[in-house]
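Okay, so here's the structure we're looking at.
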Amino acid sequence: MRTFALVFRLFRSAAKIQRKRMLLTVMAITWGTISIVLLLSFGEGLKRSLVEGSQGMGVGLLIVWPGQTSLTFAGLPQGRQIRLLPEDVTLLQQNIPELANAVGEKVDWSLQLTRGRVSLNKRVVGTDPIYGELRNHRPQPGGRFIDPLDLDQKRRVIFLGDKLKAELFGAAPAVGETLLVNQVPFTVIGVAEAKKQTSTYYGPDDDAAVMPMSTFAALTGRLYLNDLILKPRTPELMPTVRRRLFEVLGGRYRFDSADTRALSYWDTVESQQVMRNIMAGLQIFLGVIGGLTLLIGGVGVANIMYAAVKHRTKEIGVEMALGARRLYVTGPLVLESLTLTAIGGLGGVAVGWGLVELLGWVQSKSNSEALNFLGRPTFSPGVATVTILLLGSIGFVAGYFPSRRAVSIQPAEALRYD
Amino acid sequence: MLGFGNSRTAQTPAAASPDVIALRDLRKVYDTGAVKVEALRGLDLAVAENEFIAIVGPSGSGKSTLLNILGCLDTPSSGSYQLRGEEVSKLTGDQLADVRNRRIGFIFQNFNLLPQITAFENVELPLLFKGTPTRQRRERVEKLLERVGLADRMAHRPVELSGGQMQRVAIARALACEPDIILADEPTGNLDTGSGKDILHLFEELWAQGNTVLVITHDPSVAKRTQRVVRIQDGLITEDTRSAPSESV
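Chains R and L, in that order, are what the protein sequence lines are. Per the numbering used here, residue 1 is the first one in the first sequence, and the count goes up by one each step. Per the numbering used here, residue 419 is the first one in the second sequence, and the count goes up by one each step.
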């Protein structure tokens with residue numbers, strides 16, 4: 001401890017001489033840290049926003065659409081239209097044990113919804129109760145999603161997307177109210193909770209309505225499914241499920257299981273991985289930019305340390321003459337550099353964090369779609385770790401090289417220096 | 419020595435070489451690029467235990483170079499330098515630092531005290547580099563400063579001391595790790611006559627207590643007080659005379 005105190009006092013004088021320069025350098029480090037904290041926090045916020053948005057329509061899903069065969073099979077020609085039926089869902093569930101859940105969708109893009117004098121043509125989905133959970137389509141408190149009883153009894157009930165509800169009912173409560181679907185009265189049983197959704201295949205969920213598939217079939221006379229939604233037990237099982245899907249449906253509809261055109265699909269596990277990679281790349285890019293800004297501060301620190309070494313050449317010579325090992329000369333210099341960086345870094349983190357919180361507050365208060373998409377800047381532990389590591393290594397390097405120079409001089413030469 | 423037990427003198431196999439310092443064919447060439455300056459041109463010198471020796475010579479004769487090499491502040495270009503039988507001319511870096519720390523006590527013409535710390539801390543520094551535990555360190559520093567008559571100046575900074583006092587701090591510092599040899603480079607050169615005499619007197623006392631002392635000087639009155647005078651000219655020893663030092667002061 002006393003050693004440390006003495007070393008500290010030896011260096012205090014050097015600090016005194018260059019107080020102004022030191023202050024500027026610390027400010028440069030602070031600025032670099034602020035920029036790195038801001039950039040990384042924005043990156044983190046954007047990442048979280050995108051992840052949240054991409055998970056708005058559910059996580060780990062495989063959406064399957066019927067297609068046209070492109071290969072001949074068992075004497076059958078190519079170019080046959082494949083159609084999917086509601087009972088295919090049960091077939092798949094029975095034959096693919098890796099499936100956690102599956103559901104079919106029947107869709108009409110333009111059913112007339114009428115409430116009072118408001119009449120809109122909107123997308124309506126006929127499906128099963130499990131759809132809500134799979135597609136992350138949840139009711140606001142006070143309402144509910146469609147349930148098995150609705151399905152059995154072909155109840156004329158309807159679940160509205162939150163934006164659609166606002167268009168039809170404004171701010172007034174909708175649950176329990178009646179509206180007309182193609183002139184047939186339906187009871188509103190629930191309204192979807194607002195959610196961030198950046199991935200869609202037919203359009204955003206908040207602008208559509210959902211009703212039991214049985215009711216939908218009775219209303220529209222639709223027989224075939226527009227698509228299937230499959231969810232494997234774990235994301236890792238997705239390739240197996242994809243393969244089995246073609247085998248099972250290939251057996252059912254008599255197409256080659258290698259015929260990639262018979263069914264088309266969207267593997268959201270795959271696309272989320274791609275997005276994660278892009279985000280990681282973006283984070284690295286932002287980190288590099290911030291790091292470069294910080295580097296300028298680091299050059300300032302190194303500059304100061306070089307000046308300190310030069311200024312103290314004779315003293316270092318005396319210390320060496322008294323038998324200071326290399327570490328006694330280099331250690332304090334590196335320590336001082338690290339201290340300068342730490343002071344600047346601490347200030348930078350404090351200011352940066354404050355700014356991040358402020359911007360987050362502004363973002364949460366504003367209704368701007370762009371800001372909403374950008375997400376709330378987040379000073380996460382990951383951001384903190386990267387910042388500390390960068391600061392630490394820059395501080396170390398900025399002290400290490402000047403200190404190397406200090407010990408490279410022969411003591412006799414250092415003692416002659418004035 | 420200052421009467422501390424467990425001094426290294428007892429551990430080192432002094433029997434292997436009775437000389438504290440043995441130089442053989444020591445050469446130092448300064449290569450400045452265009453010209454090569456031969457500062458030392460094959461020097462042989464032996465310094466025995468408890469000698470009080472003065473190295474004299476005109477400026478440019480190579481005596482400072484010799485002192486730097488003896489003090490391990492610089493390395494010879496060729497030749498052998500044995501410190502109590504151990505070859506030190508080939509040592510590098512931290513090994514040399516340890517030799518400087520434990521085996522050589524260096525006293526400079528301009529004292530070379532660190533200005534921002536106290537007399538106490540200046541004397542403490544070599545012990546700190548050696549790694550002496552805090553309590554022993556404090557006791558030792560206090561004893562040393564008492565020894566050079568500065569018990570009441572421990573908390574003073576160098577600027578608050580006179581030249582003679584500063585040099586006494588430097589002497590205490592040189593003695594801190596009980597060195598094999600005390601090297602002094604014009605120790606009285608920056609002092610007035612009175613302080614110079616005090617310092618010389620201190621050297622004589624150290625010698626009388628069994629220390630080996632080597633002084634570089636061009637002051638004949640300093641040389642006169644020593645037991646042996648070695649004259650250097652153009653990087654070679656031209657004269658080596660032993661005598662009983664004259665009684666004076």
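Beta carbons are placed, not taken as given, at the ideal position from N, Cα and C, and that holds for glycine.
Mind checking which residues open and close the beta strand (DSSP E) that includes residue 492 of chain L?
-> Run containing residue 492 of chain L: none; DSSP gives neither H nor E here.
Round the Cβ separation of residue 68 of chain R and residue 79 of chain R to the nearest angstrom and send it over; I've been treating them as touching at under 8 Å.
-> That pair is a contact at about 6 Å.
On the DSSP bridge assignment, give the partners of residue 28 of chain R in chain order.
-> According to DSSP, residue 28 of chain R bridges with nothing at all.
Ordered along the chain, which non-local residues of its own chain (more than five positions away) have a Cβ less than 6 Å from that of residue 95 of chain R?
-> Exclusion of the five residues before and after residue 95 of chain R leaves 248 as the residues of its chain whose Cβ lies within less than 6 Å of its Cβ.
Beta-carbon neighbours of residue 511 of chain L, restricted to chain R and to distances below 7 Å = 326
Using a Cβ-Cβ cut-off of less than 8 Å, list which residues of the segment 542-568 of chain L approach chain R; keep chain order.
-> Against chain R - using a Cβ distance shorter than 8 Å - the residues of the segment 542-568 of chain L are 542, 543, 544, 546, 547, 548, 552.
For residue 631 of chain L, which three-state DSSP category applies?
-> strand
C-alpha gap between residue 400 of chain R and residue 299 of chain R, whole angstroms | 12 Å
Completely contained alpha helix (DSSP H) runs for the segment 587-624 of chain L, where each covers 4 or more residues | none
Please decide whether residue 323 of chain R counts as near chain L, where near means a Cβ-Cβ distance under 8 Å.
-> yes
Any idea if residue 421 of chain L is buried or exposed, counting beta-carbon neighbours within 10 angstroms, 16 or more meaning buried?
-> Note on residue 421 of chain L: pLDDT 42, under 50, position unreliable in the model; the coordinate value appears next. Burial call: exposed.
The beta strand (DSSP E) enclosing residue 127 of chain R, as first and last residue numbers | 118-127
Taking DSSP as the reference, what is the three-state secondary structure of residue 404 of chain R?
-> Collapsing the DSSP output to three states places residue 404 of chain R in a helix.
Following the continuous alpha helix (DSSP H) through residue 239 of chain R, name the residue where it begins and the one where it ends.
-> Boundaries of the alpha helix (DSSP H) around residue 239 of chain R: 238-253.
Backbone secondary structure at residue 379 of chain R - three-state DSSP | In this structure, residue 379 of chain R counts as coil in the three-state DSSP scheme.
Candidates R:22, R:36, R:39, R:60: closest to residue 267 of chain R by CA position = Here the closest residue by C-alpha is R:60.
For residue 561 of chain L, three-class secondary structure by DSSP = helix
Proximity of residue 208 of chain R and residue 123 of chain R at Cβ, strictly below 8 Å = Going by C-beta atoms, residue 208 of chain R is nearer than 8 Å to residue 123 of chain R.
Residues, ordered as in the chain, of the segment 376-409 of chain R that lie near chain L by beta-carbon distance below 7 Å | none
Compare the C-alpha of residue 557 of chain L against each of L:580, L:524, L:595, L:533 and name the closest.
-> L:595
Would DSSP call residue 150 of chain R helix, strand or coil?
-> Three-state DSSP puts residue 150 of chain R in a helix.
So, helix, strand or coil for residue 265 of chain R, using DSSP?
-> strand
With 8 Å as the threshold, decide whether the Cβ of residue 491 of chain L is near any Cβ in chain R.
-> yes
Using a Cβ cut-off of 8 Å (strictly closer), state whether residue 320 of chain R contacts chain L.
-> yes
Spell out a yes or no on whether the segment 498-507 of chain L and the segment 645-660 of chain L are touching, meaning 3 or more CB-CB pairs, one atom from each, closer than 8 Å.
-> no
Residue span of the alpha helix (DSSP H) that contains residue 211 of chain R, given as start and end = Residue 211 of chain R -> not in any alpha helix (DSSP H); beta strand (DSSP E) instead, spanning 208-212.
The segment 315-329 of chain R contacting the segment 369-383 of chain R, beta-carbon criterion three pairs below 8 Å | Touching, no, given that fewer than three Cβ pairs across the two stretches are closer than 8 Å.
On a CA-only basis, which of L:555, L:476, L:462, L:512 is nearest residue 488 of chain L? Give me that one, please.
-> L:462
Chain-order list of residues whose beta-carbon lies under 8 Å from that of residue 231 of chain R (same chain, five-residue window excluded) | 58, 60, 61, 62, 99, 100, 101, 102, 134
Give me the Cα-Cα distance between residue 475 of chain L and residue 572 of chain L, rounded to the nearest whole angstrom.
-> 36 Å
If you drop the 5 nearest sequence neighbours on each side, which residues of the same chain put their C-beta closer than 6 Å to that of residue 204 of chain R?
-> 197
When the Cα atoms are used, what is the spatial distance from residue 263 of chain R to residue 217 of chain R?
-> 23 Å
Reducing DSSP to helix, strand and coil, say where residue 73 of chain R ends up.
-> Strand.
Name the two residues that bound the continuous alpha helix (DSSP H) containing residue 168 of chain R.
-> 162-169
C-beta neighbour in chain L for residue 359 of chain R, strict 8 Å = no
Which of helix, strand or coil does DSSP assign to residue 535 of chain L?
-> coil
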